[in-house]
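Residue numbers (the numbering used here), protein chains in the order written: chain A, 862 to 1408; chain B, 51 to 605.
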Amino acid sequence: MENKDLNPVEHIKLRSDGLRGTLKESLQDNYTGNVRPDDEALVKFHGMYVQDDRDRREERALKKLDKLYSFMIRLRIPGGVVSAGQWLTAHRISEEYGTGTIKITTRQTIQLHGLLKHQLRDTIQGFLQADLDSIAACGDVNRNVICSSHPQVSPLHEEIFSFADKLSKHLLPKTKAYYEIFVDDELVYERETEKDELYEDRYLPRKFKIAIAIPPTNDVDVFANDIGLIAIIEDGKFVGFNLAVGGGLSTTHGNPNTYSRLATEIGFISGEENILKVCYEVLTIQRDFGYRGDRKLARLKYTIDKMGVENFKQELEKRSGISLQPLRNYSFEERNDRYGWAKDSYGKWNFGVFIENGVIKPDQKAFLYEVANLHVSDVRFTCNQNLILGNINEEDKPKVQKLLAKHKIGQKDSALRVSSMACVALPTCPLALAEAQRYLPELITKIEPLLEKHKLAKDEISIRMTGCPNGCGRSYLAEIGFVGTGPGQYNLMLGGDRLGVRLNKVYKKQVEESEILDTLDGLFDKYNQEKLKGETFGDYSNRVLFG
Amino acid sequence: MLAENKLKSLAEWAKGNSKDELIWASGYLAGLAYQSGPVAAEEVTPAVKVNLKPTIVYATETGNSKKLAVQLQTLLKKNKIQAKVSDAFQYPLDKIEKEEFLIVIMSTQGEGEPPQNAQKFYDNLGNLSKDLSKIQYAVLGLGDSSYPFFCRAGEVVDQQLQRLQAKQVLPYQKADVNYQPVAEEWFAQVLQILQNQGTAASPVASLPKQASVPDGKKSYTGTIKHKVVLNDVGSNKQTFHIEIISEDELDYEPGDVVGFYPKNSAAEIAEIGKLLGMPLDASSLEGKNIKGLSKKSLQQLAELFEIEITEERADLIDILEKYPQREAVELSPLLERLHPVAPRLYSISSDKEAHDGELHITVTLNKFHAEQKAKKGFCSSFLEDYPVGGSLSFYIQKNLHFKLPEEDKDVIMIGPGTGIAPFRSFLAHRDVTGAEGRNWLFFGEQHFVSDFYYQTEIQEWLSTGVLTKLETAFSRDQKQKVYVQDRIRERGEEFAKWLADGAYLYVCGQKEPMSRDVENTIVEVLTQQNDWNKEEASAFLETLEIEGRYLKDVY
């Protein structure tokens, strides 16, 4: 591609000197809470986004104050498991800096919001002391690798789970800019030692996501990822992965060239070395063939559709020197998280806690702080933005139970609510067109009586809301999905399945709350009367509305 | 600034001198510069040998009297008259009879009171019983004619010295806020008298009693056009940016101040009426000072109400509440004992050209507790409550001591909190006039997010280059508190270099502890950077002050 055809972010990456840019100077700029324009793009590679409180813009302008800039920092936690000690660190840092809220993301990690620029170095250093970092948590690189989080479901969980960390490390950028900018004042590494064979100076054209699913659970929404690895278990042994490539949900309103796409399964791979090698070469193909002219058309899904799946597969086999084997059989049976107590195959106890939209409320936070102080469990984040206290010994279970009772944790929420998901959206996300995290709980409260009325209160209908078409809330894979189009307005998406293998479709465009409730009321009524035996609401909608 | 050949010869000369000699010479040259100023009313007449040894005693709150004392000392020295200078605070009154020629420069505060640390001198002089008939003396009083008891403290000192039989060689001279021209004229007369060995050269009666320059105040009526709190959510402060317009052309320059006469609220007057047991017309009390009454005023009230008041300072309403057993009184004797409200002064934060002839002020609502009661500052709450669109009386006062230098001079501005006000005016002015001098601003408050006054304007000035450098110190954004003086210390090398290169230094904001801490830090920085001892650094700063290159507007 000609240099002039590259989109502006490509130029920023190329001239960034290993993702350094002028970030050091930006941190020193005392007149603004923001970083310099190029650095806004670069800071993402270090796990941070700059945001501004859009609710405060107008009033602050009158007060002659700049926009209220703050940073979101997202940790890299492959597989989403931290120790009790690491949780305490996150707790302490969140109390000291930012809004005080810890948010569990749909990619199995946690993020803090509202950090001020001058707090970033202290924050990052604090996390590093607990062996946590935010490297490559955002940006055009392989991001946090996610993995099914339910150890009780498969006895092979631990073995498969370890691939999350191995892949993450294998695909990390080589630059030490993170340490240089946020930890030491001195130059600690020479650039020559940072030569990056994978990312070169270009990095990827766009973000890159990898998920590992352990059947029968598809809590990771494996087909929504650039690389989906589906663990194949035969005769009680883990034998390898079915490899799926080219998934991605985000679209752009009014841009017909953009679309959601489920990942295509292209073959079976086995053996650790082979698995790492094949995944690595998927990234190099995307690096070399991905479209760098327009970021909206840069994801792997477009690269693969342009090349054709067969050509892509051949290129991958050529680059890796590994032949993909025929796909193996597996089946998904669930996608939701499990709440409450469950024992895993190692005899350890786990307790699933529902966290609405991943926002840990003050009472939940207080509970988690006390539990972590016991040091009898780890803390696991799920892709449904919930949390599991894992790895608890039989004899420690009563101590946790006592705290559960004390803080009234685990009391029953509706089936719809525990099957819900929303992205951050307003006021901080710069992309948001409509509310999500702040509004979905309220909308669910209004839908719950309708479900009661139609005797559907026990149905775990998946409901998801995202504030813009980029799909962080994975609304395209919900039975009832909302994609924000403007203030108070959403595209109502129906017909997705419960397990995350079929995309939903737009049923009504730009509808407001009253119409949403009327529509759902009517549909619930018809569903009750017309559903086939065992047919989910998503399957019914797909059959009747789009069939 | 010097022609190349002059600079060369000066550098040549300097080579042959020690550091101490150079420092002495710099002071000497500064003295020469002062003498060649525009108001050089005196000429050196070395033929006259003066035997009198005058002592100059000054009593100062803000440093003006001290500045004048040093100016007079320099002038006399140049005329071969060695004068001692003493702060009233340290002056040994028990040996006053040994003086030959006493010059007192006395400021007046509040309700005609002397500066705080001169109170002892003032009281003891009043109680003194000595024969001072051998002493000749002259008193210069500084004050503000907007206040009642204009220059009263100096007047009392003059009367006391007369009572003790000291010989007055000049009638008591009052000087208003623009004291400099009056003082210089008065100095010339003092010099002349000294050169005549203590006798007035011309008859005393012919000396001017009033300043020959206008007092620099002009009254206006205007309207509050716009009012906004600059602080954002989460701040502990409430600082108003207020824009005032007038049908008359508002005539001011950067550095000038605006005076308001706040009025007591109708609610408070009604409350006082209730406590007094009589209906009160709002107009009766709205212009009377009923807040923070001095001990003297309280004593007068105590006599009127026939009660014992123990407070040192209190509001009228508190006294009425606290002493219900007081005698019932008529309104008129009460009104007689209350003084009119004194005006409150604020630095103007706009530039008339840059801001379309408007006048802006930057006022923090002063909130405090007195005797466990939450109180608000009189004028700041008056302005807080004043309706937008309401007509408002005020006056503009020239502040000749706080002016921008010539266009090409560099300027360092230290203005934490509302101390930024005149510097917003400075920067707007330098922006609109395209002044070439560099500008360095030090600003501080509690929080970056909520208390960065005029942030977007400062960003604009930085991006256009009007503001050369900016230092910020937000005290409560980190565990360890950081203040503007810490930034001065961090930038010590450059700070000293700017001063060495001729930058003008301005400080505006709270007198205590800010301006003192800043000054101490500057001395520390000068000591380190120039390899001076503390006295040399202080002397350098004092020279800057006398030369008008170190200017303070502190309160």
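A virtual CB, placed ideally from N, CA and C, is assigned to each residue, including glycine.
In terms of residue numbering, what span does the beta strand (DSSP E) encompassing residue i cover?
i       : result
A/N1211 : 1210 to 1214
A/H974  : 971 to 976
A/Q1371 : 1366 to 1372
B/Q223  : 223 to 225
B/G323  : Element bounds for B/G323: not the beta strand (DSSP E) but the alpha helix (DSSP H), 316 to 326.
B/C558  : 554 to 559
Excluding the 5 residues flanking residue i on each side, which residues of the same chain have their C-beta closer than 6 Å to its C-beta?
i       : result
B/R599  : Y554
B/V438  : I274, K277
A/G1332 : L1110, S1111
B/R474  : S399, Y504
B/K267  : Y445, Q447
A/E901  : V911
B/D610  : In the structure as shown, chain B begins at 51 and stops at 605. Residue 610 of chain B is therefore absent and cannot be evaluated.
B/H389  : P198, N339
B/L395  : V307, G309
B/A471  : S397, S399, T412
B/T522  : F493
B/L366  : I340
A/D1082 : R1335, L1338, G1361
A/E1374 : none
Assign residue i to one of two classes, buried (16 or more other C-beta atoms within 10 Å of its C-beta) or exposed (fewer than that).
i       : result
B/S183  : exposed
A/P1310 : exposed
A/D834  : No statement about residue 834 of chain A is possible, as the shown extent of chain A runs from 862 to 1408 and does not include it.
B/Y187  : buried
A/L1406 : exposed
A/K1162 : buried
B/D458  : exposed
A/N1403 : buried
A/K1174 : buried
B/A317  : exposed
A/P1034 : buried
A/R1160 : buried
A/V870  : buried
A/L1409 : Only positions 862 to 1408 of chain A appear in this structure, which leaves residue 1409 of chain A out of reach.
B/E163  : buried
A/S1206 : exposed
B/S269  : exposed
With a CB to CB cut of under 8 Å and the five nearest residues on each side skipped, what residues in its chain are close to residue i?
i       : result
A/G1201 : F1212, G1213, G1271
B/A133  : K103, P104, T105, I106, L122, Q123, L126, K127, I153
B/A83   : Reliability fails at B/A83, whose pLDDT of 46 lies under 50, so the model's placement of it is uncertain and the value that follows must be treated cautiously. Around B/A83: E597.
Within its chain, find whatever has a CB closer than 7 Å to the CB of residue i; leave out the 5 residues flanking it on each side and keep chain order.
i       : result
B/L102  : E150, F151, L244, Q247, G248
A/N1079 : F1193, R1196, L1360, G1361
B/S252  : A caution first: B/S252 carries a pLDDT of 46, below 50, which makes its placement in the model too unreliable to give a value.
A/F1398 : D1320, I1322, E1340, Y1388
A/L977  : G894, S931
In the DSSP assignment, find the alpha helix (DSSP H) that holds residue i and state where it starts and stops.
i       : result
A/H1018 : 1018 to 1031
A/I934  : Per DSSP, A/I934 belongs to no alpha helix (DSSP H); it is in the beta strand (DSSP E), 930 to 935.
A/M1168 : 1161 to 1168
| Inter-stretch contact (C-beta, 8 Å, three-pair minimum) for the stretch 1093 to 1104 of chain A and the stretch 1182 to 1195 of chain A | Yes, the stretch 1093 to 1104 of chain A is in contact with the stretch 1182 to 1195 of chain A.
| Counting only runs that start and end within the stretch 1305 to 1391 of chain A, where is the beta strand (DSSP E) found for 3 or more residues in a row? | If only uninterrupted beta strand (DSSP E) runs of at least 3 residues are considered, those enclosed by the stretch 1305 to 1391 of chain A are 1324 to 1327, 1341 to 1347, 1350 to 1355, 1366 to 1372.
| Which runs of the alpha helix (DSSP H) spanning at least 4 residues fall entirely within the stretch 118 to 170 of chain B, listed in chain order? | Listed in chain order, nothing qualifies, since the stretch 118 to 170 of chain B has no complete alpha helix (DSSP H) run of 4 or more residues.
| task | List in chain order: all unbroken beta strand (DSSP E) runs of 3+ residues lying wholly within the stretch 457 to 494 of chain B. | result | List check, beta strand (DSSP E) in window: 461 to 464.
| Can you list the beta strand (DSSP E) stretches of 3 or more residues lying completely in the stretch 1177 to 1246 of chain A, in chain order? | Segments of the beta strand (DSSP E) lying fully in the stretch 1177 to 1246 of chain A: 1201 to 1204, 1210 to 1214, 1239 to 1242.
| Are the stretch 1300 to 1309 of chain A and the stretch 943 to 959 of chain A in contact at 8 Å, needing three or more beta carbon pairs? | At 8 Å Cβ cutoff, the stretches do not touch.
| Contact between the stretch 557 to 564 of chain B and the stretch 583 to 597 of chain B (3+ Cβ pairs under 8 Å) | Contact between the stretch 557 to 564 of chain B and the stretch 583 to 597 of chain B is absent, because fewer than three Cβ pairs lie under 8 Å.
| request: Check whether the stretch 976 to 992 of chain A touches the stretch 1212 to 1230 of chain A, taking contact to mean three or more Cβ pairs, one atom from each stretch, closer than 8 Å. | output: The stretch 976 to 992 of chain A and the stretch 1212 to 1230 of chain A do not touch, with fewer than 3 CB-CB distances between them shorter than 8 Å.
| Cβ contact (3+ pairs, closer than 8 Å) linking the stretch 1257 to 1267 of chain A and the stretch 1351 to 1360 of chain A | Short answer: they don't touch.
| said: With a threshold of 8 Å, are at least 3 pairs of Cβ atoms found where one atom belongs to the stretch 1065 to 1072 of chain A and the other to the stretch 1081 to 1095 of chain A? | reply: Output reads yes: the stretch 1081 to 1095 of chain A touches the stretch 1065 to 1072 of chain A.
| query | Is it a yes or a no for the stretch 1017 to 1029 of chain A touching the stretch 1246 to 1263 of chain A, going by three-plus beta-carbon pairs under 8 Å? | reply | The stretch 1017 to 1029 of chain A is not in contact with the stretch 1246 to 1263 of chain A.
| message | With three or more C-beta pairs closer than 8 Å as the rule, is the stretch 1278 to 1285 of chain A touching the stretch 1323 to 1330 of chain A? | response | In short, these stretches touch, since the Cβ pair count reaches three.
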